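Here's the structure we're looking at; comments come further down.
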Amino acid sequence: AGLRALVRPCLPAAAAGGGRGPSSRTVRVAVKVVHPQVRPAVDIDLKVLHSAAAISDWFGLDGLGLSLMLRQFADFLEAQTDLRHEAENLRGFRERLCGNRASAADGPVVVPEVFDEWVARDVLVMSFEEGKPLVGLLEADPVEHGALKKDAWRNLVDLFWAMVFKHRFVHGDMHPGNILWRPATNKRGVQLVLLDCGLVIDLSGQAGEDLSMMVKAFLTEPEEKVASLLITLSERVGGKPEDVVDADGFIRGIAQLIREGMGVKFKLSKLNAGALMGRSLLLGRRHRVRFDARFVNLMAAMAVVQGVALQLDGEGDILRRMATYVLGAAMSAGFGVGMRGRKSDGADARGAPGADAMDVPVY
495 AGLRALVRPC LPAAAAGGGR GPSSRTVRVA VKVVHPQVRP AVDIDLKVLH SAAAISDWFG
555 LDGLGLSLML RQFADFLEAQ TDLRHEAENL RGFRERLCGN RASAADGPVV VPEVFDEWVA
615 RDVLVMSFEE GKPLVGLLEA DPVEHGALKK DAWRNLVDLF WAMVFKHRFV HGDMHPGNIL
675 WRPATNKRGV QLVLLDCGLV IDLSGQAGED LSMMVKAFLT EPEEKVASLL ITLSERVGGK
735 PEDVVDADGF IRGIAQLIRE GMGVKFKLSK LNAGALMGRS LLLGRRHRVR FDARFVNLMA
795 AMAVVQGVAL QLDGEGDILR RMATYVLGAA MSAGFGVGMR GRKSDGADAR GAPGADAMDV
855 PVY
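What follows is the structure, given as structure tokens:
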């Protein structure tokens with residue numbers, strides 16, 4: 495009876511009062527709830543985190559970034575247990591990724607519809623979307639299901655880069671358990687269903703401007719300039735130049751990581767994004783250079799997408815698909831031409847091809 499009550503507001507007016515008019519329909523919904531024991535446990539965790547942050551401040555450990563880290567984790571934990579945040583994220587993805595289509599279920603990606611009247615801190619009601627777990631496609635025979643796997647690879651990679659560079663609103667946890675797949679409505683190709691949108695990386699505002707600045711430096715400046723810019727941007731998250739230990743050592747270390755990536759033309763089949771991220775963070779900790787948590791989360795999200803993409807198509811080059819989206823971001827930042835070291839074969843100095851070297855992106 496409870497679930498029937500949840501569905502009732504989703505029926506058209508003709509069905510009001512228990513009657514069934516010719517236009518009435520049944521809506522299948524998925525109901526997500528927070529377990530009753532979660533809230534007390536989270537409240538205790540939050541008190542511990544905030545107390546530890548206060549103690550860190552009292553001992554003058556701000557230079558280590560400990561209190562900032564604790565408070566950021568507390569904010570993350572609180573947001574993850576409030577399903578109103580996930581509902582807002584679902585609406586945001588649906589508007590950005592499906593908003594211009596005649597039907598939200600017609601495109602390469604589907605985002606569940608949220609029923610606003612049935613959203614609260616501990617409950618979220620959304621449309622039930624059919625599909626199979628993506629892990630099944632990852633494990634499928636590449637000979638028998640090769641075309642489907644390649645199409646899913648293309649959809650997934652284009653989706654990620656569109657979220658980063660076009661929408662500046664990124665799903666932060668795109669592991670196979672959070673993605674379903676099903677045949678596209680036109681029976682050609684694969685359609686992806688995006689689930690569990692509680693963790694989102696919002697790159698709007700200043701964060702988006704900083705991202706554009708980093709992209710510009712990466713495409714047009716020497717490696718040392720890119721590393722130096724990271725030190726400058728650390729001031730936006732409370733870092734101080736006087737707190738940096740051996741700035742030249744940090745710059746050399748980051749520049750070396752970039753050169754290693756250039757050595758394999760940033761092909762992720764040959765480059766371990768997770769290891770690269772770990773070494774970057776280790777350099778930041780060693781030299782006391784703070785990284786914006788949003789960019790750290792973005793690096794982690796990219797590592798997850800890399801792992802999924804490689805299982806779909808081991809020869810696929812995720813950065814080649816980035817070209818159109820990077821160029822769009824470059825133009826919006828005012829540097830659409832004049833990239834350093836551009837070669838005549840359509841590839842720039844970093845190994846990413848120009849837009850003419852790839853087929854039309856999905857998004």
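For the sequence shown, our numbering assigns the number 495 to the initial residue and increments by one for each residue that follows. Even glycine gets a Cβ: it sits at the ideal position worked out from N, Cα and C. Small disclaimer: the values here were computed from a predicted structure and weren't measured.
- About 18 Å separates the beta carbon of V720 from that of L697, a gap too long to meet the 8 Å contact definition.
- When C-beta atoms of the segment 697-716 are compared with those of the segment 582-596, fewer than three pairs fall below 8 Å, so the two segments do not count as touching.
- For R565, the uninterrupted alpha helix (DSSP H) run begins and ends at L560 to Q574, by DSSP.
- A distance below 7 Å between beta-carbons, with the five flanking residues on each side excluded, links R615 to the following residues of its chain, in chain order: D576, L577 and R578.
- If you draw a straight line from the Cα of M668 to the Cα of L571, it comes to about 18 Å.
- Taking all protein chains shown into account, R753 has fewer than 16 neighbouring C-beta atoms within 10 Å of its C-beta and is therefore exposed.
- Judged by DSSP secondary structure, S545 falls within the alpha helix (DSSP H) whose first and last residues are V532 to W552.
- In this structure, M708 sits away from L688, with a CB-CB distance that is not shorter than 8 Å.
- Distance from the CA atom of V603 to the CA atom of R815, rounded to whole angstroms, is 17 Å.
- Between the alpha carbons of N680 and R730 lies a distance of about 47 Å.
- When only Cα atoms are considered, Q805 and E638 end up about 15 Å apart.
- Our two residues, H544 and G733, have alpha carbons roughly 20 Å apart in a direct line.
- D807 and D635 have their alpha carbons spaced roughly 12 Å apart.
- Residue pairing by DSSP places S621 opposite V523 in a beta bridge.
- Setting aside the 5 residues that flank it on each side, F567 is surrounded in the same chain by L543, each with a C-beta closer than 8 Å to its C-beta; the list follows chain order.
- Annotation: the segment 676-713 contains the following complete segments of the beta strand (DSSP E) (minimum length 3 residues), in chain order: 684-688 and 694-696.
- In this structure, DSSP gives L674 an extended state, which the three-state scheme calls strand.
- By the neighbour-count definition (other C-beta atoms within 10 Å, threshold 16), Q685 is a buried residue.
- Looking at the DSSP output, F663 sits in a beta bridge with D696.
- DSSP places A614 in no alpha helix (DSSP H) but in the uninterrupted beta strand (DSSP E) bounded by V608 to A614.
- 8 Å or more divides the Cβ of F712 from the Cβ of I725.
- Counted as a single uninterrupted DSSP element, the alpha helix (DSSP H) harbouring F744 occupies residues A741 to G757.
- G601 and L777 have their C-alpha atoms roughly 42 Å apart.
- Rounded to the nearest whole angstrom, the C-alpha separation of L775 and W552 is 26 Å.
- Three or more beta-carbon pairs separated by less than 8 Å link the segment 621-631 to the segment 639-646, which places the two stretches in contact.
- Boundaries for S728: no alpha helix (DSSP H) harbours it, and the DSSP string shows neither H nor E there.
- Taking a contact as a CB-CB distance under 8 Å, the pair G625 and L674 counts as one, their CB atoms being some 3 Å apart.
- Shown here for V783: same chain residues with a beta carbon closer than 7 Å to its own, the five before and five after excluded, namely L724, I725, S728, G733, V738 and F744 in chain order.
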